[in-house]
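Beneath this line is the structure, given in structure tokens, with notes to follow.
There are 2 protein chains.
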Amino acid sequence: MSEINKKLGRPRSVESHQSILQATLALLAEIGFDAMIIEAIAARAGVGKTTIYRRYVSKEELVADAIENMREEVVIPNTGNLWGDIDALVENAAQITLSPLGRQTVAMIISSASSNSQFAQIYWAKYLQPRRQAFAIVLERAKARNEIQPEIDPDLVFDMMSGVMLYTLIFPPTTDSWEVHVRRCLNLVLQSAAV
Amino acid sequence: MSEINKKLGRPRSVESHQSILQATLALLAEIGFDAMIIEAIAARAGVGKTTIYRRYVSKEELVADAIENMREEVVIPNTGNLWGDIDALVENAAQITLSPLGRQTVAMIISSASSNSQFAQIYWAKYLQPRRQAFAIVLERAKARNEIQPEIDPDLVFDMMSGVMLYTLIFPPTTDSWEVHVRRCLNLVLQSAAV
DNA sequence: AATTTACGAAACGGTATCGTATCGAAATAC
DNA sequence: GTATTTCGATACGATACCGTTTCGTAAATT
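Chain order of the listed sequences is A and B.
With the first letter of the first sequence counted as 1, position 29 gets the number 29 in this note's numbering; the numbers rise by one all the way through.
Count along the second sequence from 1, add 1000, and you get the number used in this note's numbering.
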């Protein structure tokens, strides 16, 4: 069986493939989806254009694959109290959301949402779902410790806080630091049920 | 004095000017900032390219002017109770934020935020500030009626709810309708201080 | 060693768009 | 009636980028 899997001819280069994906994300962060051109991606990756066109039919397909391949391990913090856990989650979210890549990815998703929803779907599946689940676990633990009321809906809180962070991409808080602002929002959302 | 203001030669056409701005917004809504080309704007407006280039140096300048000229009167509702007022505000926000123009405007603002912040500034000044102020008035009235606690920060609530609505552009609520979702978020944010 | 497939630089035909120039006609002031 | 400025259709030179083709070289299998 393994003999059948052996391919005649020169094998595809894994290094080239990885370089292409990394170059794609780098340029997406720097100049955004529309401004990226295949030739620039190739140059950044140190490959030929034909090497890219052998793998992908279009820029859209390439970018979708690059996002899909973003490897981001979600660590579920367990500091023993709600705010310790949430601080860790927020810190992680800040590093990603507020980055140039995060910004341009979001812009791309919004702009293309009506014509091409795959970017939103991948972002949801690869980035948001795991964090949503981690967040829910943190809130369930907090409930068990009686730090918040049992009827708090973790998914709703997560979606609201995601919206809050998204908003700060465009309009950064003016009177507080980003961290203080996010904490005040969390307070407002969670304190409604605080014992 | 008025004689000095009289210009020799053919006056600029106000109709052409308005057509250009309207065509700009229409195409922005339909295809987004980057995909718009001057020739298409001219065709949609029914003017010549030279007519546009006489007024604007670049597409960016044109789009900034078009956004600046969006005339959107903010009506401050006064139904006598908090939820009546808020329903009216949310309804108005929905019509704008969830529109194709709203979506592409937001995408453009996010994508260009680091290189060209004028779009965000104009959006803030022309769209958000008036609504923020209207929202603050509505919440102050609610405080006077003892419908919410006095320490609620109207600006913080507004910013959070703006974030919530922005988020729904990418990830529409799945289990509830948009209106129900927004109401639940408002409940969470305001109910924390309900008497 | 022969064959097969991939790689990458370079060239290419084709299309798209920018921004300006031209020019006859129009709309004003004098 | 003359002068001035704008309008808009058209053309233009220039640049940008796409996606494919060519071809010598490399990396594998047979």
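Every residue gets a Cβ at the ideal spot worked out from N, C-alpha and C, and that includes glycine.
Per-residue burial, B:Pro1011 [other beta carbons within 10 Å of its own, 16 or more giving buried]: Counting the other Cβ atoms within 10 Å of the Cβ of B:Pro1011 gives fewer than 16, which makes it exposed.
Can you tell me whether DSSP reads A:Ile41 as helix, strand or coil? Note: A:Ile41 maps to helix in three-state DSSP.
Under 6 Å Cβ to Cβ from B:Phe1033, same chain only, skipping five residues before and after it: list those, please. Closer than 6 Å at the Cβ level, and outside the excluded window around B:Phe1033, lie Met1108.
Output, in sequence order along the chain, the residues in the stretch 1157 to 1171 of chain B whose CB is closer than 9 Å to any CB in chain A. Contacts with chain A (Cβ-Cβ distance below 9 Å) from the stretch 1157 to 1171 of chain B involve Val1157, Asp1159, Met1160, Met1161, Ser1162, Gly1163, Val1164, Met1165, Leu1166, Tyr1167, Thr1168, Leu1169, Ile1170 and Phe1171, listed in chain order.
Does the structure place the stretch 98 to 107 of chain A close enough to the stretch 40 to 51 of chain A that three or more beta carbon pairs sit under 8 Å? Because the criterion of three Cβ pairs below 8 Å is not met, the stretch 40 to 51 of chain A and the stretch 98 to 107 of chain A do not touch.
Excluding sequence positions up to five away, which residues of its chain have a Cβ less than 7 Å from the Cβ of A:Val164? So the qualifying residues of the chain are Val182 and Cys185.
Give me the chain B residues within the contact set of A:Ile67, using Cβ-Cβ distance strictly less than 8 Å, ordered along the chain. Within 8 Å Cβ-Cβ: nothing; A:Ile67 doesn't reach chain B, min ~14 Å.
Mind reading off the beta-carbon distance from A:Leu82 to A:Ala142? Whole number of angstroms is fine, and I expect it under 8 Å. Confirmed, about 4 Å.
Please give me, in chain order, every unbroken run of the alpha helix (DSSP H) with length at least 4 that falls completely inside the stretch 52 to 97 of chain A. Runs found: 59 to 68 and 82 to 97.
Enumerate in chain order the residues of its own chain whose CB-to-CB distance from B:Leu1169 is below 8 Å, with the five nearest sequence positions on each side excluded. Thr1097, Leu1098, Gly1102, Arg1103 and Val1106.
CB-CB length for B:Ile1031 against B:Ile1041, believed under 8 Å: Wrong, their Cβ atoms sit about 11 Å apart, outside the cutoff.
Determine the direct distance from the alpha carbon of B:Leu1021 to that of A:Pro154, and round the result to whole angstroms. The alpha-carbon atoms of A:Pro154 and B:Leu1021 are separated by roughly 44 Å.
What does B:Gly1032 touch in chain A if you count any residue whose Cβ is under 7 Å from its own? Within chain A, the C-beta atoms nearer than 7 Å to that of B:Gly1032 come from Ser111, in chain order.
What are the boundary residues of the alpha helix (DSSP H) that includes A:Ile137? Taken as a continuous stretch (DSSP letters only), the alpha helix (DSSP H) holding A:Ile137 covers Gln129 to Ala144.
Taking 9 Å as the cut-off, decide whether the C-beta atoms of A:Ala66 and A:Trp178 are in contact. A:Ala66 is not a Cβ neighbour of A:Trp178, given a cutoff of 9 Å.
State the Cα-Cα distance for the pair B:Met1001 and B:Ile1122, rounded to the nearest angstrom. With a pLDDT of 43 at B:Met1001, under the threshold of 50, the modelled position of that residue is not reliable, and the figure given next carries that caveat. Per the coordinates, the alpha-carbon of B:Met1001 lies some 34 Å from the alpha-carbon of B:Ile1122.
I want to see whether chain A comes within less than 9 Å of B:Pro1173, judged by CB atoms only; does it? Judged by the 9 Å Cβ criterion, B:Pro1173 is in contact with chain A.
Uninterrupted alpha helix (DSSP H) stretches inside the stretch 148 to 184 of chain A (no shorter than 4 residues): Here the runs fully enclosed are 154 to 170.
Within chain A, the residues that B:Pro1100 reaches when beta carbons sit closer than 9 Å: Here the neighbours are Ser114.
Roughly how many angstroms separate the alpha carbons of A:Leu128 and A:Ile86, rounded to a whole number? A:Leu128 and A:Ile86 have their C-alpha atoms some 16 Å from each other.
Please report the Cβ distance between A:Ala134 and A:Ile76, rounded to the nearest whole angstrom; I am assuming they are in contact, meaning their Cβ atoms lie under 8 Å. Rounded, the Cβ-Cβ distance is 5 Å, consistent with contact.
Using the three-state DSSP reduction, which class does B:Val1047 fall into: helix, strand or coil? Here B:Val1047 sits in coil by DSSP.
Given B:Gly1080 as reference, the closest of B:Lys1059, B:Ser1016, B:Ile1137 and B:Pro1130 once Cα atoms are compared: Among B:Lys1059, B:Ser1016, B:Ile1137 and B:Pro1130, the Cα nearest to that of B:Gly1080 is on B:Ile1137.
Between the beta-carbon of A:Ile148 and the beta-carbon of A:Leu188, is there less than 9 Å? Note that the C-beta distance between A:Ile148 and A:Leu188 is not below 9 Å.
Would the beta-carbon of B:Pro1130 fall within 9 Å of that of B:Val1063? For B:Pro1130 and B:Val1063, no; Cβs fall outside 9 Å.
In the DSSP assignment, find the alpha helix (DSSP H) that holds A:Arg103 and state where it starts and stops. Segment Pro100 to Ser112, the alpha helix (DSSP H) holding A:Arg103.
Is the distance from the Cβ of A:Ile110 to the Cβ of B:Ile1110 below 9 Å? Going by C-beta atoms, A:Ile110 is nearer than 9 Å to B:Ile1110.
Tell me whether B:Asn1176 is buried or exposed, calling it buried when 16 or more other Cβ atoms sit within 10 Å of its Cβ. The question names Asn, but residue 1176 of chain B in the sequence shown is Asp. By the 10 Å Cβ count, B:Asp1176 comes out exposed.
Just the C-alpha distance for B:Ser1114 and B:Glu1061, rounded to the nearest angstrom, thanks. A direct Cα-to-Cα measurement between B:Ser1114 and B:Glu1061 gives close to 17 Å.
Out of B:Met1070, B:Glu1072 and B:Met1036, point me to the one whose CA is closest to B:Ser1058's CA. Comparing Cα positions, the closest option is B:Met1036.
Determine the direct distance from the alpha carbon of A:Thr24 to that of A:Met70, and round the result to whole angstroms. Near 11 Å, if we compare the C-alpha coordinates of A:Thr24 and A:Met70.
Beta-carbon proximity list for B:Gln1118, same chain, < 6 Å, skipping 5 on both sides: Answer for B:Gln1118: Ala1064, listed in chain order.
Taking 9 Å as the CB-CB limit, is B:Leu1188 close to chain A? B:Leu1188 counts as touching chain A.
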